[in-house]
Amino acid sequence: MKEDDDNPWQQLARTRLAKRQAQESPETYRARMKRDAYYLRRALALASELHNDEAPILSLPDELIVEIFLYVRDAGPSVESEFNLKALPPSWFESVTVCRRFRRIVVNSASLHTRLSTLTHSADNIERGLSLSKNLPVTLEVHRPSQRGRLYRLIRLHGGRIRKIYLRCSAECSKALPAWVSRLRHVRSIHILMGVPPEWTVDFPEMRRVSPCLSTLHISGADIPDSDGFLFRNVTELHLIDVGLEGLPFLQGVHKLEKLVLTNITMYRTQVGEWSTMELPGSLRLLEYTGATSRHFRLLDLLSPSPAVRLKLVCTAPPNEQLYGRCKAILATWLNGALVPEAAAIRVHSNTIVLDVRMDLWRCVDDVDANRDPDVQYHFYVDYHPFTRHLLPYAEHCQKLLAFTLETDMESHCTLFGDWTHAELNRFEMPHLRHLTIRLPRSSSDWDEDMCDNMFLLYRWLHARHGLHQGPLETLDIPAHAATILDEIPFTVDVCYIPDNRGLESVVIDKTWSTWRDMVQHVNITDDSNVLTLGLAA
1104 MKEDDDNPWQ QLARTRLAKR QAQESPETYR ARMKRDAYYL RRALALASEL HNDEAPILSL
1164 PDELIVEIFL YVRDAGPSVE SEFNLKALPP SWFESVTVCR RFRRIVVNSA SLHTRLSTLT
1224 HSADNIERGL SLSKNLPVTL EVHRPSQRGR LYRLIRLHGG RIRKIYLRCS AECSKALPAW
1284 VSRLRHVRSI HILMGVPPEW TVDFPEMRRV SPCLSTLHIS GADIPDSDGF LFRNVTELHL
1344 IDVGLEGLPF LQGVHKLEKL VLTNITMYRT QVGEWSTMEL PGSLRLLEYT GATSRHFRLL
1404 DLLSPSPAVR LKLVCTAPPN EQLYGRCKAI LATWLNGALV PEAAAIRVHS NTIVLDVRMD
1464 LWRCVDDVDA NRDPDVQYHF YVDYHPFTRH LLPYAEHCQK LLAFTLETDM ESHCTLFGDW
1524 THAELNRFEM PHLRHLTIRL PRSSSDWDED MCDNMFLLYR WLHARHGLHQ GPLETLDIPA
1584 HAATILDEIP FTVDVCYIPD NRGLESVVID KTWSTWRDMV QHVNITDDSN VLTLGLAA
């Protein structure tokens, strides 16, 4: 019947279980009753289906629903990341207000309105969000700020409540920055975002009316002139990304800076000699420096190393670039004299194109046990099958190593581990090594040829070390499958031919080597692992 295709709820509204009318024949009456009963059963079945039952989420308390809404809110686009203005999703509050209870939760939960963005909020919704957030601190994200328009008037009224602000600017709207910053009386974090390469210059003289509460400043894609660093004076965390610098005075007068992140910094004066070496602020504790070309490291060449500052150096250039030699020389300046490390860690993993290498260095071996951050970290890329000595700092920086860590995947562990043991057997570049942890990646067979060769090299190294009167290794941490291979290595016999008095005949003297366990004071066998690690034992 054609009526069967209609909306069942409309059919239900037209259904009446009425008694037989005078003009109805018995056959017509039975047909009408049968049709009405069909519509009633159909409507009852639809009303009993799951989508009309109470949803499971409605059984949650309001506090958990608020947490879910916070996740939905924060999953939206941000001005700090890439976004398409023509394909923005609907605002989070439009997506979640699907029933009266959800709407009540959204309206009555002030914490849901503490992040406002022009990408998801109109000026009306931002004003409404400022009202619904009551007196809570607010994070504001603005795409292309302007001194004209309703949003700037809202900033003039509510700027004192904003604690964090993201400003994605263009060259046309950059002149509005000083006016916006001056209205943020209690702001603690400012993110100024621009395209790459830098297209405009931050006008520092006009930005002197900055909040004394400002502690975190991010500037991306802008030029910084030769200024006195007034804007940085009170910050404790400074991020400069894809920034052009005309001088070094931006670090002068900075007395509270604790973390400095510099990424792809360009020095516009080509003659490095125009500046003298500059001391880092005495309050600084962490310097993160990233570059991809030689010009990005001009600034780092000018900064004097400090034993109180931890360095995280990242080079994103392709492998085999000459730039890596320059980075290694920079590391040498941070590891000279009293700064020579006692513990080193190298972690090598394949990303299917090149090997991703991370090197950590500690100046005090006790810091490894204490789980403290490394004093120097270096992240770079190499081609396949590198040599360990090419990954480590210069040889003189390995003389004092008491602990060494090498973590690799299946793609490179055989070459790296074999190269390390060969180097130690021939040159003993780490003569004072005391603690060794080995976790070889488990292959398809424990008796894989490369695995057996590596374990035999380790056995030879332990024996050679013992023969040089260095004593047994203090600690050896090894996985179970590697220990099994070492246990299966037969005792080695030295055959020595000693001439007799006439120099013709010889006497054979047999000498059996000690087992690998006899050449280690403490052995700790761990579970099998998919990585290899040589380092300080727990």
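Positions in the sequence shown are counted from 1; adding 1103 to them yields our numbering. From the three backbone atoms N, C-alpha and C, an ideal C-beta is built for every residue, glycine too.
Excluding the 5 residues preceding and the 5 following residue i in the sequence, name in chain order all residues of the same chain whose CB lies nearer than 6 Å to its CB.
i: H1452; result: D1459 and D1512
i: G1232; result: H1216 and L1219
i: S1212; result: V1169
i: L1226; result: Residue 1226 is actually Ala in this sequence, not Leu. Same-chain partners within the cutoff: R1253 and L1254.
i: C1272; result: M1297
i: C1418; result: C1430 and F1483
i: T1319; result: S1292 and E1340
i: P1248; result: L1270, C1276, A1279 and W1283
So if DSSP puts residue i in a beta bridge, which residue, or which two residues, is it bridged to?
i: G1347; result: D1326 and T1369
i: Q1480; result: K1415 and D1463
i: S1617; result: S1617 is not bridged to any residue.
i: S1220; result: E1244
i: R1450; result: R1461 and E1510
i: E1340; result: T1319 and K1362
i: T1540; result: D1580
i: G1394; result: C1418
i: N1627; result: D1580
i: K1267; result: T1242 and S1292
Leaving aside the five residues before and after residue i along the sequence, list all residues of the same chain whose C-beta is less than 8 Å from its C-beta, in chain order.
i: H1569; result: P1575, S1617 and M1622
i: G1179; result: P1192, S1194, W1195, S1220, L1222 and T1223
i: D1486; result: P1422, N1423, V1457 and L1458
i: Q1124; result: Y1132
i: L1173; result: S1214 and L1215
With residue i and residue j assumed to form a contact (beta carbons below 8 Å), what rounded beta-carbon distance in angstroms separates them?
i: C1501; j: E1532; result: 5 Å
i: H1294; j: H1321; result: 4 Å
i: T1369; j: G1347; result: 5 Å
i: P1422; j: V1479; result: Actually they do not touch by this definition, with Cβ atoms about 21 Å apart.
i: T1339; j: L1360; result: 6 Å
i: T1508; j: A1447; result: 7 Å
i: A1585; j: L1528; result: About 18 Å; that fails the 8 Å criterion.
i: L1239; j: I1268; result: Wrong, their Cβ atoms sit about 15 Å apart, outside the cutoff.
i: L1383; j: V1412; result: 6 Å
Looking at residue i: is its Cβ nearer than 7 Å to the Cβ of residue j?
i: L1414; j: L1390; result: yes
i: W1564; j: L1589; result: no
i: T1221; j: V1245; result: yes
i: L1403; j: M1381; result: no
i: Y1484; j: M1462; result: no
i: W1195; j: V1169; result: no
i: P1328; j: E1349; result: yes
i: L1434; j: P1496; result: yes
i: Y1142; j: Q1114; result: yes
i: I1592; j: I1628; result: no
i: L1341; j: S1323; result: no
i: T1524; j: L1494; result: no
i: H1538; j: E1510; result: no
i: L1167; j: D1139; result: no
i: T1491; j: D1522; result: yes
i: L1426; j: A1420; result: yes
So is residue i buried or exposed if we call it buried at 16+ other beta carbons inside 10 Å?
i: E1445; result: buried
i: A1134; result: exposed
i: V1201; result: exposed
i: R1264; result: buried
i: F1520; result: buried
i: N1557; result: buried
i: S1397; result: exposed
i: R1542; result: buried
i: E1499; result: exposed
i: I1160; result: exposed
i: I1171; result: exposed
i: L1504; result: buried
i: L1270; result: buried
i: R1286; result: buried
i: S1184; result: exposed
i: L1163; result: exposed
i: S1277; result: buried
i: G1428; result: exposed
i: A1325; result: buried
i: Y1371; result: exposed
i: P1410; result: exposed
i: L1334; result: buried
i: L1571; result: exposed
Which same chain residues end up closer than 7 Å to residue i when comparing Cβ atoms and leaving out the 5 residues on each side of it in sequence?
i: S1386; result: H1358, K1359, L1360 and E1361
i: L1235; result: V1210, A1213 and H1216
i: E1230; result: L1257
i: A1395; result: N1367, T1419 and A1420
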